[in-house]
Amino acid sequence: MMEKMIIGRYVPADSLVHRMDPRSKLIIIFLFVCIIFLANNFTTYVLIGIYTFLMLGLSKIPVRFLYAGLKPVLWLVLFTLLLQVFFTKEGSLLYELGPIKIYEEGVRQGIFISMRFFFLILMTSLLTLTTTPIEITDGLETLLHPLKKVRFPVHEMALMMSISLRFIPTLMQETDKIMKAQIARGVEFSSGPIKDRIKAVIPLLIPLFVSSFKRAEELAIAMEARGYRGGEGRTKYRLLSWNLSDTLQILILVILTILLILFRS
Amino acid sequence: MDISLQNIEYRYQANTPFERLAIKDVSIDIPNGTYMALIGHTGSGKSTVLQHLNALLLPTEGTVFIGSHEIKAKQKNKNLRQIRQRVGIVFQFPEHQLFEESVEKDIIFGPMNFGVSEADAKVRARLALKQVGLSEEILEKSPFDLSGGQMRRVAIAGVLAMEPDCLVLDEPTAGLDPRGRKEIMDMFYTLHKDRNLSTILVTHSMEDAARYADQIVIMQQGQVVKQGTPVEIFSSVPELVDMGLDVPEVVRFQRKLEEKLGLRLEKTYLSIEELSTAVAELLRGAPV
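So the sequence lines, in the order shown, correspond to chains P and B.
The first sequence runs 1 to 265 under this note's numbering.
The second sequence runs 266 to 553 under this note's numbering.
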């Protein structure tokens with residue numbers, strides 16, 4: 001049932017993007033999310049598009065797989081587009097049918113905003129598709145390290161993050177299992193009136209909650225039994241290494257930023 | 266109700282980089298009233314086969330016949346609910362599926378989903394509870410206040426109360442103590458005998474397979490490698506050992522004995538009682 005979900009999932013491969021340092025990937029994603037708002041005309045969106053598809057190509061993630069996984073999200077993009085097209089009332093009138101009026105600005109805004117949305121989703125999924133959750137947390141922990149000065153619990157947060165990421169597949173598996181058990185007991189998750197379908201979630205959620213709490217407790221006990229005591233003085237098994245390609249990638253993004261600033265209207 | 270799998274194949278996550286062939290060209294016939302044991306290592310495809318028995322998984326290739334229903338690969342299939350009502354599945358660790366606030370509500374959940382009236386369902390709940398060996402006192406309790414063994418029994422009662430024609434059991438006794446294990450296995454056997462209930466048991470335990478099943482199917486790497494009655498299956502010990510499977514203790518004892526005495530008993534015995542009678546007879550007749 002959840003087989004096609006690709007959000008938060010890692011696809012192992014040997015590509016340039018896979019080999020990059022998680023720190024540089026995180027920095028790039030963060031900057032990308034910021035600079036995408038610089039784009040406001042055709043040229044700048046094309047630039048962003050080229051960059052996104054270039055990264056996609058370098059990552060060697062099969063396009064067909066990406067498409068299947070992002071299909072549900074594409075509906076959201078389409079929805080955004082329609083919302084803009086129908087409800088923006090600026091610019092010259094393009095089309096009129098009864099109460100429906102479509103304005104030029106609406107179409108323009110709709111296309112731009114849904115493009116922006118689409119590129120954002122692509123780039124952020126690219127991060128999780130090419131980086132293992134552990135790498136992401138390691139990267140984040142190192143990047144946020146300076147915040148320790150202001151007493152921000154960086155290590156604890158990274159630990160929490162890696163634990164929750166680690167248990168996503170487990171939770172998915174369990175959801176699938178319990179879903180099947182309840183389907184075998186006559187629950188319909190995917191058909192029938194909407195009221196019944198909402199009700200059908202209860203026999204799924206309660207067992208999931210119960211087992212999650214149980215698992216959390218077991219994990220806490222197991223960690224304590226092995227003498228875990230937070231991040232002070234803790235060494236790392238995996239060491240991050242910053243390579244030339246990471247610097248180059250960041251440079252490319254900086255160039256993109258400059259181009260965006262030059263070409264935006 | 267007869268069930269038949271014909272040349273079925275199942276791929277998990279077809280058309281993704283994670284695609285994995287789970288079972289291939291599996292054909293199994295389960296005539297009405299059979300007790301069949303499905304044996305194999307972890308990852309041999311047992312659970313995948315099992316989920317085809319009530320249309321939780323639909324084959325990517327081949328056909329599944331369940332009673333009068335026919336489920337073909339790559340076709341829209343309707344009325345899966347009717348199938349699910351007739352084939353009850355007890356999953357591994359079934360206590361994980363409990364969710365209601367009282368034991369009674371949880372047991373009647375299944376029957377009521379299939380359109381049984383509340384009054385009838387409650388009658389069934391009492392009966393099912395008795396079958397699994399629990400007293401009616403716990404009907405009002407929360408299932409989460411029960412012990413692990415009791416929870417398991419309540420969950421099984423929830424499946425029994427649906428009154429299926431066929432019962433599919435996925436290692437129903439995993440994690441129980443030996444006594445609880447035997448009680449539950451005996452309970453399923455009694456049900457099978459009394460109601461002529463087709464039973465399919467997925468198990469690691471050769472002892473259970475030898476003791477209860479009429480038919481044994483052995484799976485390896487997603488394919489059926491051997492199929493036959495327990496006597497047939499356990500007659501060729503070396504073959505089983507080659508597949509890395511256990512041999513029931515009784516059979517092992519018989520083989521050792523035969524080796525020591527340098528003779529061969531006329532057949533393979535699967536229970537201690539039968540074997541001891543045979544050995545006693547042999548000793549009585551044998552020259553001292």
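For glycine and all other residues, C-beta sits at the position ideal for the given N, C-alpha and C.
On a predicted model such as this, the values are computed, not experimentally measured, just so you know.
For residue i, report the span of its beta strand (DSSP E) as first-last.
i	result
B/Ile-331	326-331
P/Lys-236	Neither: P/Lys-236 is in no beta strand (DSSP E) and is coded neither H nor E.
B/Thr-533	Careful: B/Thr-533 lies outside any beta strand (DSSP E) and carries neither H nor E.
P/Val-17	That residue, P/Val-17, is in no beta strand (DSSP E); its alpha helix (DSSP H) goes 16-19.
B/Arg-285	285-295
B/Glu-335	334-337
B/Gln-396	Where B/Gln-396 is concerned, there is no enclosing beta strand (DSSP E), although the alpha helix (DSSP H) it sits in stretches over 383-396.
B/Leu-270	268-277
P/Val-11	Where P/Val-11 is concerned, there is no enclosing beta strand (DSSP E), given that its DSSP letter is neither H nor E.
P/Lys-101	100-103
B/Met-508	Run containing B/Met-508: none; DSSP gives neither H nor E here.
Excluding sequence positions up to five away, which residues of its chain have a Cβ less than 7 Å from the Cβ of residue i?
i	result
B/Val-553	The predicted model places B/Val-553 with a pLDDT of 47, which falls under 50 and marks its position as unreliable; any figure quoted below should be read in that light. Once the five neighbours on either side are set aside, B/Val-553 has no close Cβ partner at all.
B/Met-450	Thr-438, Asp-473 and Tyr-477
P/Ala-158	Thr-137, Leu-140 and Glu-141
B/Met-377	Glu-383 and Ala-386
With H, G and I counted as helix, E and B as strand and the rest as coil, what does DSSP make of residue i?
i	result
B/Val-553	Caution applies to B/Val-553, whose pLDDT of 47 falls short of 50 and renders its modelled position unreliable; the model cannot decide the point.
B/Gln-357	coil
B/Gly-493	strand
B/Gly-413	helix
B/Asp-435	strand
P/Arg-197	helix
P/Leu-208	helix
P/Ser-191	coil
P/Arg-151	coil
B/Ala-302	strand
P/Ser-164	helix
P/Ile-113	helix
B/Leu-399	coil
B/Met-427	coil
P/Leu-127	helix
Taking the alpha helix (DSSP H) that residue i falls in, what are its first and last residues?
i	result
P/Thr-247	244-263
B/Thr-464	Segment 463-468 is the beta strand (DSSP E) holding B/Thr-464; no alpha helix (DSSP H) there.
P/Ile-27	22-35
B/Ser-501	Unbroken run through B/Ser-501: none, as it is neither H nor E.
B/Leu-322	Here B/Leu-322 belongs to no alpha helix (DSSP H), and DSSP marks it neither H nor E.
With a CB to CB cut of under 6 Å and the five nearest residues on each side skipped, what residues in its chain are close to residue i?
i	result
B/Val-544	none
P/Tyr-45	Ala-39 and Met-115
P/Thr-257	Ile-35
P/Leu-31	Leu-253
B/Arg-349	Asn-319
B/Thr-281	none
P/Arg-264	Leu-38, Asn-40 and Thr-44
Counting only the same chain and skipping the five closest in sequence on each side, list residues whose C-beta sits under 8 Å from that of residue i.
i	result
B/Ala-279	Thr-325
B/Ser-309	Met-484, Gln-485, Gln-486 and Gly-487
P/Leu-70	Ile-6, Ile-121, Leu-122 and Ser-125
B/Val-482	Ile-293, Met-301, Ala-302, Leu-303, Ile-304, Val-489, Lys-491 and Gln-492
Please look up how many angstroms separate the CB atoms of residue i and residue j, rounded, as I've assumed it's under 8 Å.
i	j	result
B/Val-502	B/Val-512	5 Å
B/Ala-420	B/Ala-393	So it is not a contact: roughly 11 Å between Cβ atoms.
Q. In the region 44-66 of chain P, which residues sit with their C-beta less than 8 Å from some C-beta in chain B, listed in chain order?
A. Pro-62, Arg-64 and Phe-65
- Got a sec: which bits of the region 277-307 of chain B sit with their beta carbon under 9 Å from any beta carbon on chain P, in order along the chain? Tyr-277, Gln-278, Ala-279, Asn-280, Thr-281, Pro-282 and Phe-283
Point to revise | Where the region 324-344 of chain B meets chain P: residues whose CB sits under 8 Å from a CB there | key: none
Query raised in the report: Along the region 435-457 of chain B, what residues have a CB closer than 7 Å to any CB found in chain P?
Result: none
Name the residues in the region 369-383 of chain B whose C-beta lies less than 7 Å from a C-beta of chain P; which are they? Phe-374, Gly-375, Asn-378 and Phe-379
- Along the region 493-505 of chain B, what residues have a CB closer than 7 Å to any CB found in chain P? none
**Prompt:** Any residues in the region 409-425 of chain B with a beta carbon nearer than 8 Å to a beta carbon of chain P? Which ones, in chain order?
**Reply:** Phe-409, Gly-423 and Val-424
**OP:** Quick one: which residues of the region 310-321 of chain B get their C-beta closer than 8 Å to a C-beta of chain P? List them in chain order.
**Re:** Gln-316, Asn-319 and Leu-321
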